[in-house]
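> Chains as they are written, first to last, in the working numbering: chain A, 47 to 413; chain B, 5 to 251.
The C-beta atom is built at its ideal place from N, Cα and C for all residues, glycine as well.
This structure is a prediction, so every number in the text was calculated from the model and none was measured.
My structure is below; once you've seen it, I'll send some questions.
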Amino acid sequence: MSAVFQPIAAREAPIKMEGFVPWIKHNLFGGWRNTVATLLGLAVIVHWLPPLANWLLFKAVFVPDSDVCQSAREIGACWGVITEKHRLIILGRYPLAEQWRPEIATLLLMGLLIFSCIRKFWKPWLALLWLVVVALVFVLMGGGVAGLTRVSTDQWGGLPLTIMLATLSIVFAFPIAVVVALGRRSKLPAIRTVCVIYVELIRGVPLISVLFMASFMFPLFMPPGVSIDVLLRVLVGITLFSAAYMAEIVRGGLQAIPKGQTEAAATLGLSYWQTQRKIVLPQALALVVPGIMNNFISIFKDTSLVTIVSLYELTGAMGLALNSDANWRPFKLEAYLFIAAIYFAFCFSMSRYSLWIEKQVNRSKVR
Amino acid sequence: MADNIISFEKVNKWYGNNFHVLRDIDLQVARGERIVICGPSGSGKSTLIRCVNRLEEHQEGKITVDGTEMTDDVKAIEAVRKEVGMVFQQFNLFPHLTVLENLTLAPTWVGKMPKAEAEEKAMQQLKRVRISEQAQKFPLQLSGGQQQRVAIARALCLTPKIMLFDEPTSALDPEMIKEVLDVMVELAGLGITMLCVTHEMGFAKAVANRVIFMDQGQIIEQNNPHEFFSNPKSDRTKDFLSKILGH
């Protein structure tokens, strides 16, 4: 029992722990339950994949001919409907001759979005750039100046409208959410109460009814002669709606910050706003990145509800394009798959970006 | 007395309606004095020093810190806080900022110091606590003792007149306590007024001018360390000392 201490030198693991074959062995065929699950999974793929591929691709009809499509029903998908209707689906009722305008506006907005995703551009002038680009987008879409013909907002539609509504409501909802979340934790009862009432009222009603009120009820309260554009009203509706949800997510993050952090900031002489800005919010928001991004993604898809107030964004435009044409109406499934793919592309990029952000903000936690 | 940097006059504080945590506290602290406060948990010693920079509000009596009375005046409190450094039991470093950023935050944002100057000063403080090679790391990448030394350096960056220590070594492994105490002993030579809640009696003997014993919200006994340890007056103090020095 009194043996002298002998250091043991580190050695390699006796079996290979990393690499492709060990991974397969361990994850797909480790134990009989695991093996059965793998084989079942393979069987499902083998059984379903060929017919799916046939319907989607090999037996699908790509020519914009509704008769050919009709004869291929149940056998192959009719992508001809997309070939035929893609302009209407993607751009909605915007005048055909002017379609370069929403195209450029959307490219501008998307470019700015991608630009804003890059960390080294997170500078104060980025906010200014946003103002400029958003103004440009509205001028380009609306026209009425610089020789552009006027296109009223009820003719805006399709993907440009979806992107615009989603982007602007996200950009405005986020700061509102942060302020409301801070307000709910304020020491002043008046501020706290206002924030609680706002959040609970908005959360208590469906988005559809908010949009309805924004579009039909709100004008009743305006003084005669004053009218605010329906697009703007809807934008405000979606923004306030999402801000209420996001505020609760942000508040969750704020709750998780230990009291010691604000005390330490206080002892250093930082004011309330300095403390929130430099200490509390950076940590709280880092904690809730997945929740916030969840919300962004659902805003993007919830824009499809504006159809009920006669704004035809991507989903609405698709309905418009097909419902008005008896020849193509039977092929709604394909059209739905098409817009689903568009939605998916956007939402999936957002979720990938969220993962990257998470990595960025968690750098300090890597030991 | 003009030379008293901190003054408590008949201070009373309650948590809620019933928990009377500070009872008629009278305490005068001279400029440059080093005081160790000890006592059982719940005796109000942490609350006492947290009243100095108004992390806690008192309900009765008067607290004056470097000529400013502690009231609801936010601006006055923020001004006092710039002169009062504080070190916590749980370090309370900002985990999302590097060590260097932790130190430069207040000087650049509160003291409006240029960044380069703040960084230079921060590096001096990090050298003082012997941790300058960790400047670019994040707090959670350091050991507890290192984190606490960073916390001390952070408090020193505002060149405080008063330093408050709230059980600075209680959350540390035994091996790390010494490295933190060594730094604190060095600080004692700087002439900063120190109020230190701790049970490190060796530290009290080495650096304190005065030791205060508290129990149930009252100051039971205060004396210079030699008298306090060799000749305690009250039975409660004797009992306490026998428990913490007994093994």
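Whose C-alpha, out of B:Asp76, B:Asp243, B:Val201, B:Gly46, is nearest the C-alpha of isoleucine 39 of chain B?
Here residue 39 of chain B refers to the residue found at position 35 of the second sequence. Among B:Asp76, B:Asp243, B:Val201, B:Gly46, the Cα nearest to that of isoleucine 39 of chain B belongs to B:Val201.
> State the CB to CB distance for the pair asparagine 96 of chain B and alanine 157 of chain B, rounded to an integer number of angstroms; the pair is presumed to be in contact (CB under 8 Å).
If you number the second sequence from 1, residue 96 of chain B lands on position 92. If you number the second sequence from 1, residue 157 of chain B lands on position 153. Between alanine 157 of chain B and asparagine 96 of chain B the Cβ distance is about 13 Å, and since that is not below 8 Å, they are no contact.
> Distance check for glycine 138 of chain A and leucine 257 of chain A, CA to CA, integer angstroms please.
Position 211 of the first sequence holds residue 257 of chain A. Position 92 of the first sequence holds residue 138 of chain A. Going from the Cα of leucine 257 of chain A to the Cα of glycine 138 of chain A covers about 20 Å.
> Leaving out five residues on either side along the sequence, give the residues of the same chain with a beta carbon under 7 Å from the beta carbon of threonine 81 of chain A.
Looking up residue 81 of chain A in the first sequence gives position 35. So the qualifying residues of the chain are Phe75.
> For leucine 207 of chain A versus leucine 88 of chain A, is the C-beta spacing smaller than 9 Å?
Here residue 207 of chain A refers to the residue found at position 161 when the first sequence is read from its first residue. Here residue 88 of chain A refers to the residue found at position 42 when the first sequence is read from its first residue. With respect to leucine 88 of chain A, leucine 207 of chain A sits apart: the two C-beta atoms are not nearer than 9 Å.
> Judging by CA-CA distance, which residue of A:Trp168, A:Phe287, A:Trp146 is the nearest neighbour of isoleucine 248 of chain A?
Here the question's residue 248 of chain A lines up with position 202 in the first sequence. Checking every option, the nearest Cα to that of isoleucine 248 of chain A belongs to A:Phe287.
> Excluding sequence positions up to five away, which residues of its chain have a Cβ less than 6 Å from the Cβ of aspartate 28 of chain B?
Numbered from its first residue, the second sequence carries residue 28 of chain B at position 24. So the list reads Lys14, once near-sequence residues are dropped.
> Determine whether the Cβ of valine 335 of chain A lies closer than 9 Å to any Cβ atom of chain B.
Residue 335 of chain A sits at position 289 when you count from the first residue of the first sequence. With 9 Å as the cut-off, valine 335 of chain A does not count as an interface residue toward chain B.
> Quick one, which residues of the segment 104-130 of chain B are near chain A if we go by CB-CB under 7 Å, in chain order?
Leu109, Ala110, Trp113, Val114
> For arginine 132 of chain B, return the contacting residues in chain A, with the cut-off set at a CB-CB distance below 7 Å.
Residue 132 of chain B sits at position 128 when you count from the first residue of the second sequence. What arginine 132 of chain B touches in chain A: nothing, since even the nearest Cβ is about 18 Å away.
> Please list, in chain order, the residues of the segment 302-318 of chain A that have any C-beta partner in chain C closer than 7 Å.
In the structure shown, chain C cannot be found, because the protein chains are A and B.
> So if DSSP puts glutamine 222 of chain B in a beta bridge, which residue, or which two residues, is it bridged to?
Translated into the one-based positions of the second sequence, residue 222 of chain B becomes position 218. According to DSSP, which records beta bridges pairwise, glutamine 222 of chain B is partnered with B:Asp219.
> If you draw a straight line from the C-alpha of tyrosine 244 of chain A to the C-alpha of valine 217 of chain A, how long is it?
In the first sequence, residue 244 of chain A corresponds to position 198, counting from 1. In the first sequence, residue 217 of chain A corresponds to position 171, counting from 1. If you take the alpha carbons of tyrosine 244 of chain A and valine 217 of chain A, they lie about 19 Å apart.
> My output table needs one value for tryptophan 168 of chain A: the three-state DSSP class, helix, strand or coil.
By 1-based counting over the first sequence, the position of residue 168 of chain A is 122. Reduced to three states, the DSSP call for tryptophan 168 of chain A is coil.
> Does the count of Cβ pairs from the segment 274-289 of chain A and the segment 217-230 of chain A closer than 8 Å reach three?
yes
> Please report the straight-line C-alpha distance between leucine 375 of chain A and proline 170 of chain A, rounded to a whole angstrom.
The count along the first sequence starts at 1 and reaches residue 375 of chain A at position 329. The count along the first sequence starts at 1 and reaches residue 170 of chain A at position 124. Looking at the sequence itself, residue 375 of chain A is arginine, so the reference to leucine does not match. Taking the straight line from one Cα to the other gives about 49 Å.
> Measure how close the beta-carbons of arginine 35 of chain B and asparagine 57 of chain B come, nearest whole angstrom, since I'm counting them as under 8 Å.
Counting from 1 along the second sequence, the entry for residue 35 of chain B is found at position 31. Counting from 1 along the second sequence, the entry for residue 57 of chain B is found at position 53. In this structure arginine 35 of chain B is not in contact with asparagine 57 of chain B, their Cβ atoms being roughly 17 Å apart against a cut-off of 8 Å.
> Determine, using beta-carbon pairs with one atom in the segment 141-158 of chain A and one in the segment 181-189 of chain A, whether at least three such pairs fall under 8 Å.
yes
> Just the chain B side, please: which residues come within less than 7 Å of lysine 237 of chain A by C-beta, in chain order?
Walking along the first sequence from the start, residue 237 of chain A turns up at place 191. Going by the sequence as given, residue 237 of chain A is isoleucine instead of lysine. Ordered by position in chain B, no residue passes the 7 Å Cβ test against isoleucine 237 of chain A, which lies about 16 Å from the chain.
> Within 10 angstroms of the Cβ of tryptophan 125 of chain A, are there 16 or more other Cβ atoms? Answer buried if so, exposed if not.
Taking the first residue of the first sequence as 1, we reach residue 125 of chain A at position 79. For tryptophan 125 of chain A, the number of other beta carbons within 10 angstroms of its own is at least 16, and it is reported as buried.
> Taking Cβ positions only, does glutamine 329 of chain A come closer than 9 Å to chain B?
Residue numbering aside, residue 329 of chain A sits at position 283 when the first sequence is read from its first letter. Closer than 9 Å: yes.
> Using DSSP with H/G/I as helix, E/B as strand and the rest coil, what is phenylalanine 264 of chain A?
Here residue 264 of chain A refers to the residue found at position 218 of the first sequence. Three-state result, phenylalanine 264 of chain A: helix.
> Could you give the DSSP three-state label for phenylalanine 66 of chain A: helix, strand or coil?
By 1-based counting over the first sequence, the position of residue 66 of chain A is 20. The answer is helix: DSSP assigns phenylalanine 66 of chain A an H, G or I state.
> Is it the case that the Cβ atoms of alanine 381 of chain A and isoleucine 222 of chain A are separated by a distance below 9 Å?
Within the first sequence, numbered from 1, the residue matching residue 381 of chain A stands at position 335. Within the first sequence, numbered from 1, the residue matching residue 222 of chain A stands at position 176. Not closer than 9 Å, so no.
> So with Cβ pairs under 9 Å, would you call glutamate 82 of chain B a contact of chain A?
Stepping through the second sequence from its first residue, residue 82 of chain B is reached at position 78. True, the Cβ-Cβ gap to chain A drops below 9 Å.
> Among A:Ser370, A:Cys163, A:Val355, A:Phe392, whose alpha-carbon lies nearest the alpha-carbon of lysine 347 of chain A?
For this step, residue 347 of chain A is matched to residue 301 along the first sequence. Ranking the options by Cα distance to lysine 347 of chain A, first place goes to A:Phe392.
> Would you check if the distance between the CB atom of valine 197 of chain A and the CB atom of glutamate 144 of chain A is smaller than 9 Å?
Translated into positions along the first sequence, residue 197 of chain A becomes position 151. Translated into positions along the first sequence, residue 144 of chain A becomes position 98. Yes, Cβ-Cβ distance for valine 197 of chain A and glutamate 144 of chain A is below 9 Å.
> Using CA coordinates, which residue listed in B:Pro44, B:Leu160, B:Cys42, B:Thr173 is at the minimum distance from leucine 107 of chain B?
Position 103 of the second sequence holds residue 107 of chain B. The shortest C-alpha separation from leucine 107 of chain B is found at B:Leu160.
> When we look at the beta-carbon of methionine 5 of chain B and count the other beta-carbons within 10 Å, is it buried (16 or more) or exposed?
Numbered from 1 along the second sequence, position 1 holds the residue referred to as residue 5 of chain B. Residue confidence is low: methionine 5 of chain B scores 47 on pLDDT, short of 50, so the model does not pin down where it sits. Its coordinate-derived value is still stated next. With fewer than 16 Cβ atoms within 10 Å of its Cβ, methionine 5 of chain B is classed as exposed.
> For the candidate residues A:Gln116, A:Glu58, A:Gly203, whose alpha-carbon lies nearest to that of alanine 372 of chain A?
Here residue 372 of chain A is taken as the residue at index 326 of the first sequence, counted from 1. Taking only the C-alpha atoms, the option nearest alanine 372 of chain A is A:Gln116.
> With 9 Å set as the bound, which would you pick, yes or no: does the beta-carbon of lysine 411 of chain A sit closer than that to a beta-carbon of chain B?
Along the first sequence, read from residue 1 onward, the residue named residue 411 of chain A stands at position 365. Yes, contact with chain B.
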